[in-house]
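Numbered continuously in our numbering, the sequence shown closes out at residue 157.
Every residue, glycine too, gets a C-beta built ideally from N, C-alpha and C.
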Amino acid sequence: MDVFEVITFDYISKPITVEKLESVLLKAMQYLHMIKRDFVFQFRKNQFRISCDDIVYFEKKGRQAVIHTISENFKANMTTEEIWKQLDDKVFAHIHVSYIINLGHIRAIDGDEVVMDNEERLLIARSHKQNLKEKHMEFVRRMV
Numbered sequence: 014m015d016v017f018e019v020i021t022f023d024y025i026s027k028p029i030t031v032e033k034l035e036s037v038l039l040k041a042m043q044y045l046h047m048i049k050r051d052f053v054f055q056f057r058k059n060q061f062r063i064s065c066d067d068i069v070y071f072e073k074k075g076r077q078a079v080i081h082t083i084s085e086n087f088k089a090n091m092t093t094e095e096i097w098k099q100l101d102d103k104v105f106a107h108i109h110v111s112y113i114i115n116l117g118h119i120r121a122i123d124g125d126e127v128v129m130d131n132e133e134r135l136l137i138a139r140s141h142k143q144n145l146k147e148k149h150m151e152f153v154r155r156m157v
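Okay, structure coming up:
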């Protein structure tokens, strides 16, 4: 039995009116905007909020996490578990003990490395390679 998830915004009955269609589409757009997530963290008594879409990848360096974004890098004192609590596992993937990447910023998977939009090459652990390929393919299919 196939199971799928449905989110119902409204019903459109025939004959369809332009006003009703616009109303339903507006509800859907508001919902999609609402689920757009931000990543919130603190570093040295300062609190930051950045869009998850802007995050290219997370890099763990000891107790610190370096958050690599499109435009700049941030540091945060966070565990891997604390990071994952704020992430969508359909958008982010763990590829190595040191890296969590945004699937939307993958330019290529090249052997044992992933090439990100910012041209950085990150090592993929053998234990994460197959899962990364599957998650990336699933991500790309959802975007089409």
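### Message
Report the start-end ranges of each beta strand (DSSP E) in the region 63-132 that is 3 residues or longer and not cut off at the edges.
### Response
Counting whole runs of 3 or more residues, the region 63-132 contains the beta strand (DSSP E) stretches 68-74, 77-82, 86-89, 105-109, 112-115, 119-123 and 126-129.
### Query
Which residue's Cα is closest to the Cα of Tyr70: Ile108, Asp125, Arg139 and Lys40?
Numbered from its first residue, the sequence shown carries residue 70 at position 57. With distances taken between Cα atoms, Tyr70 lies closest to Ile108.
### Terminal residues of the alpha helix (DSSP H) in which Arg159 lies
Because residue 159 is not part of the residues shown, which for the chain are 14 to 157, the question remains open.
#### Entry: Inter-residue CB distance, Ile63 and Phe56 (contact presumed, cutoff 8 Å)
Taking the sequence shown and counting its residues from 1, the one referred to as residue 63 is at position 50. Taking the sequence shown and counting its residues from 1, the one referred to as residue 56 is at position 43. About 12 Å separates the beta carbon of Ile63 from that of Phe56, a gap too long to meet the 8 Å contact definition.
### Message
Relative to the C-alpha of Arg76, which candidate in Val128, Asp101, Leu38 and Glu94 has its C-alpha closest?
### Response
Residue 76 sits at position 63 when you count from the first residue of the sequence shown. Cα-wise, what sits closest to Arg76 is Glu94.
### Message
Check this for me: beta carbons of Lys73 and Ser111, under 7 Å apart or not?
### Response
On the sequence shown, position 60 is the one that residue 73 refers to. On the sequence shown, position 98 is the one that residue 111 refers to. Their beta carbons are under 7 Å apart, which means Lys73 touches Ser111 by this criterion.
### Message
Whole angstroms are fine: how far does the CA of Asn115 sit from the CA of Glu132?
### Response
Start at 1 with the first residue of the sequence shown, and residue 132 comes out as number 119. Start at 1 with the first residue of the sequence shown, and residue 115 comes out as number 102. Note on geometry: alpha-carbon atoms of Glu132 and Asn115 lie some 14 Å from one another.
#### Entry: Residues near Val127 in its chain [Cβ-Cβ closer than 8 Å; skip 5 each side]
As a position in the sequence shown, residue 127 is number 114, starting the count at 1. Sequence-distant Cβ neighbours of Val127 in its own chain, meaning closer than 8 Å and more than five residues away, are Ile108, Ile114, Ile119, Ala121, Arg134, Leu135, Ile137 and Leu145.
### Asp51 - containing beta strand (DSSP E), residue span
Position 38 of the sequence shown holds residue 51. First-last of the beta strand (DSSP E) with Asp51: Asp51 to Phe56.
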